[in-house]
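Residues -37 to -1, 1 to 441 (mature numbering (1 follows the signal peptide of the UniProt record, and there is no 0)) make up the sequence shown, in order.
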Amino acid sequence: MSVDNIRRLAQLPVTRKQLLSLAAVAGLGGAALPASAPVNAAAERSTVIRGGYLITMDSSLGSIARGDVLIIGSTIVGVGPNLSVPSGTEVIDASGMIVMPGLIDNHRHMWESLIRGRSVNSTFGQYFTDVPFGVSTRLTADDVYYGTLLGAYEAIDSGITTVLDWAHGTNTRAHALAGIRALTDSGIRAVYAYGPPASATAADSPPSTDDILAAKALTDNAPMVGLAIGTRNPETATAQVWQRIQQDIRLAQQLGVPVTLHAGLQPVATYAPRMLDSVGLLNGNVTFIHGNLFTSADLALIKSRGAHLTASPLVEMQMVGPDILPASVAAGIRPAVSADIVAASTGDLLDNLRASIASHRMLAQQAALKAGTTLSTLPPPGLRDVLSYVTTNPAAALGITWQVGSLSPGKQADVIVIDSTDLNLFLTDPRDAVVHAAHPGNISWVFVAGEVRKRAGELVADLTTLRANAKAARDRLG
Ligand SMILES: [Zn+2]
């Protein structure tokens, strides 16, 4: 079996296990391209990232102190030290740099890039009055296009190669289709979670089933953009809205796409996991967002049904309270971290990881002081333990583990290179450096499906017209 065949198979919805067994049959050993492998370099561009510190997030490969990543076309075909490469391969010198899979954000309201920073001093209630029930009602389809495109470029610049757009700037079907077009035009890998308009309260609010099917038709023809359904929080819903939520989840299951919903932000008698389970709709297709107040029984239910959880630490702390990440890990869940709204929070996932760890350390210190003692050790997790929250765990929640989330032969070439010769990272253990201090300015290279989207620190995009259009839209929205 040729490398080209392996590459083509990597585009099909097969499991990683199947891919690795195919690679083993082909003599690839599941980790590296053999020196003599035949490659049609004229037809497929090849790139090798040489000599970096590889944080693969692949459990069978681990971290490699000095290794290479070989990309052919859109696919990773080799990961390991001293790889032989086809003639004509572009070589990127990654000496002193960290190479890892692209980051994955599985909950971000992309259009809000137009109002970045508007809500940085808002409470939850103030934000809701001003944004979902205020500015979002005035959005045009063009506004959604510019905000989403701007947000996608910001995400790529900060090392995010896959994003779930929790779309609630969906006043009409045209708004939704504009959002999908923006994601497609940006080159990012995306999942468009078609939700109701942010101000929707009625059970028959958009999107209709026809709206969803129109979006599905558009994403079916966009290889880099998939579909999900965003539905409402059942915890405080009317009986009619609760029925609609169940219809939304059933439609997602029929279409074979994920479903995602916000829940667990205010005290109620019964939280969403138990509600969904009571009607047979809690399964691996479902991702809960926030979940701050979920009980240990709710977490156990999420775990036992294979459902997922994502939290947005900076938004949690500003608008709700501490995130539930350590408790969810203790319950056996593999959680994700997401940015949520750049109206209130940074869009940098690494900032969110840092914030989560700092907040839980602070709470542990506070509890120790209150008990008249001091901590002998810090509570888990440690800095290097949380990279799964922005790589493998959200990939699993989105159902695309076979495609992204780790540097593994056969997966899509979504790869980032972090310049750890920069002074804010220099001499730090690479496994800690990423969460300790890395920021978008340290992200040197970003590949999405093998395409260079950031090159030697420069975003590959012409932002001049977009900046002007986005600013005009923002000024008009007020
Ligand atoms: Zn949200």
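Note that beta-carbon positions come from the ideal geometry of N, C-alpha and C, so glycine has one too.
heavy atom of ligand 1 below 8 angstroms from residue i C-beta
i, result
"tryptophan 129", "yes"
"serine 275", "yes"
"aspartate 303", "yes"
"histidine 225", "yes"
"histidine 399", "no"
"isoleucine 175", "no"
"isoleucine 212", "no"
"histidine 70", "yes"
"isoleucine 78", "no"
"isoleucine 296", "no"
"isoleucine 320", "no"
"isoleucine 123", "no"
Residue i, DSSP secondary structure in three states
i, result
"proline 289", "helix"
"alanine 431", "helix"
"aspartate 348", "helix"
"leucine 312", "helix"
"leucine 112", "helix"
"glutamine 366", "coil"
"valine 48", "coil"
"isoleucine 143", "helix"
"valine 42", "strand"
"leucine 224", "strand"
"isoleucine 212", "helix"
"serine 26", "strand"
"arginine 207", "helix"
"isoleucine 55", "strand"
"serine 319", "helix"
"histidine 72", "coil"
"isoleucine 119", "helix"
"alanine -14", "Below a pLDDT of 50, predicted positions are generally treated as unreliable, and alanine -14, at 33, falls in that range; no measurement from the model is reported."
Neighbour-count burial assignment, residue i, 16 or more Cβ in a 10 Å radius
i, result
"proline 343", "exposed"
"valine 94", "buried"
"arginine 418", "exposed"
"glutamate 421", "exposed"
"leucine 312", "buried"
"alanine -15", "The predicted model places alanine -15 with a pLDDT of 39, which falls under 50 and marks its position as unreliable; any figure quoted below should be read in that light. Buried, since its Cβ has 16 or more Cβ neighbours within 10 Å."
"alanine 401", "buried"
"lysine 333", "exposed"
"glycine 25", "exposed"
"proline 186", "exposed"
"glycine 373", "buried"
"phenylalanine 410", "buried"
"residue 456", "Coverage of the chain is limited to positions -37 through 441, which leaves residue 456 absent and any answer about it impossible."
Inter-residue spacing [alpha-carbon to alpha-carbon] between residue i and residue j
i, j, result
"glutamine 203", "phenylalanine 251", "21 angstroms"
"aspartate 68", "alanine 260", "26 angstroms"
"threonine 194", "threonine 172", "13 angstroms"
"alanine 290", "threonine 427", "45 angstroms"
"glycine 122", "glycine 310", "11 angstroms"
"arginine 317", "proline 64", "19 angstroms"
"methionine 325", "valine 283", "17 angstroms"
"histidine 225", "alanine 215", "16 angstroms"
"serine 351", "serine 407", "21 angstroms"
"glycine 269", "isoleucine 18", "26 angstroms"
"methionine 60", "threonine 92", "45 angstroms"
"leucine 256", "leucine 262", "10 angstroms"
"arginine 394", "valine 249", "31 angstroms"
"threonine 223", "alanine 274", "12 angstroms"
"glutamate 7", "glycine 36", "5 angstroms"
"leucine 33", "alanine 191", "32 angstroms"
"leucine -5", "glycine 41", "With a pLDDT of 34 at leucine -5, under the threshold of 50, the modelled position of this residue cannot be trusted, and the question is left open."
"leucine 390", "isoleucine 12", "21 angstroms"
"alanine 424", "valine 353", "24 angstroms"
"asparagine 432", "glycine 158", "25 angstroms"
"arginine 347", "valine 367", "20 angstroms"
"alanine 302", "glycine 243", "30 angstroms"
"arginine 152", "asparagine 246", "24 angstroms"
Within-9 angstroms CB hit, residue i to chain B
i, result
"alanine 360", "Among the protein chains of the structure shown there is no chain B, as only one such chain exists."
Terminal residues of the alpha helix (DSSP H) in which residue i lies
i, result
"alanine 359", "355 to 360"
"methionine 63", "No alpha helix (DSSP H) contains methionine 63, which is instead part of the beta strand (DSSP E) from 61 to 64."
"glycine 88", "87 to 93"
"histidine 399", "393 to 400"
Where the beta strand (DSSP E) through residue i begins and ends
i, result
"glycine 80", "No beta strand (DSSP E) contains glycine 80, which DSSP labels as neither H nor E."
"valine 126", "123 to 130"
"lysine 417", "414 to 418"
"valine 13", "For the sequence presented, residue 13 should be read as arginine rather than valine. Segment 9 to 18, the beta strand (DSSP E) holding arginine 13."
"isoleucine 304", "Premise fails: isoleucine 304 is in no beta strand (DSSP E) and is neither H nor E."
"arginine 237", "It is not in any beta strand (DSSP E) - arginine 237 instead sits in the alpha helix (DSSP H) that spans 235 to 241."
"leucine 272", "271 to 274"
Check: residue i C-beta below 8 angstroms from any heavy atom of ligand 3
i, result
"isoleucine 252", "Annotation note on ligand 3: not contained in the displayed structure, which lists ligand 1 as its ligands."
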